[in-house]
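Chemist: Protein chains in written order, with our numbering: chain A, 126 to 247; chain B, 126 to 247.
C-beta atoms are modelled at their ideal positions from N, C-alpha and C, and glycine is treated no differently.
(1) Which residue's Cα is closest to the Cα of residue 225 of chain B: B:188, B:231, B:197?
(2) Thinking C-beta only, is residue 155 of chain B closer than 8 Å to residue 212 of chain B?
(3) Kindly list, in the order they appear in chain B, the residues whose Cβ is closer than 8 Å to that of residue 165 of chain A.
(4) Throw me the rounded Cβ distance for the residue 230 of chain B and residue 238 of chain B pair, which I believe falls under 8 Å.
(5) Under the three-state reduction of DSSP, which class applies to residue 153 of chain B: helix, strand or coil?
(6) Which of helix, strand or coil does DSSP assign to residue 222 of chain B?
(7) How is the alpha helix (DSSP H) around residue 237 of chain A delimited, first residue to last?
(8) Under 8 Å Cβ-Cβ, which residues of chain B neighbour residue 148 of chain A?
(9) For residue 220 of chain A, collect the residues of the same chain with a Cβ closer than 7 Å to its Cβ; drop the 5 residues on either side in sequence, then sort them by chain order.
(10) Short of 6 Å in beta carbon distance, which residues of its chain neighbour residue 132 of chain A, apart from the five on each side in sequence? Order them along the chain.
Right, dumping it as structure tokens:
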């Protein structure tokens, strides 16, 4: 993927490569983390979770927070996503580490959805 | 994004980072190209196009083909996407070059959808 491709956007479409690396803020304007990846439903092609990285340094001790896609609102002025979450809520949220042998299960997905009071995909 | 994150998948969810780099084949089993990016609808979060690279060498002369998401079927055995397209059809399809100053417009989108007989997003 070349940087040139990432310029491709419009008011209604956005490139996945462009979403990845976008900052996530809370309502107070504090930066919570960065979108690292998007989990898509294989069948419908719909984005279900944004995987946000949080903390750590150069990947060491970094944690991934899956956030239900519906919790993210894009803020044009900020150039990032805004979620209605404080840092405390995030600290006890379901996460997994970079080095964890993590496998996504319906149980884990339901836990995430419930934690954020989001309509469940599962 | 670390390679570790890309292992996160399940039978129903797939990471965008995992889709990117996946091969695209035609029904005859010929490799047509590689998925470089996914264009998502900002509002619904739904994948609308897969941007497939085709031809070129080290990015020189490479062309991007946006394929309506509905034209791609994932083939577990092949480990890639299969589309019902021959190379000829692809050669005259709407494309843009890596170095083009390309901006996605509804007109361009409609042209792509029409070319592949796909239900239009626009």
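Modeler: Checking against the coordinates, here is how it stands:
(1) B:188
(2) yes
(3) 138, 139, 140, 141, 144, 163, 172
(4) Residue 230 of chain B to residue 238 of chain B, Cβ: 13 Å. No contact.
(5) coil
(6) strand
(7) 231-240
(8) Residues of chain B passing the Cβ test: none, with the nearest at roughly 15 Å.
(9) 188, 189, 190
(10) In this prediction, residue 132 of chain A scores a pLDDT of 42, lower than 50, which makes its location untrustworthy; no coordinate-derived value is stated.
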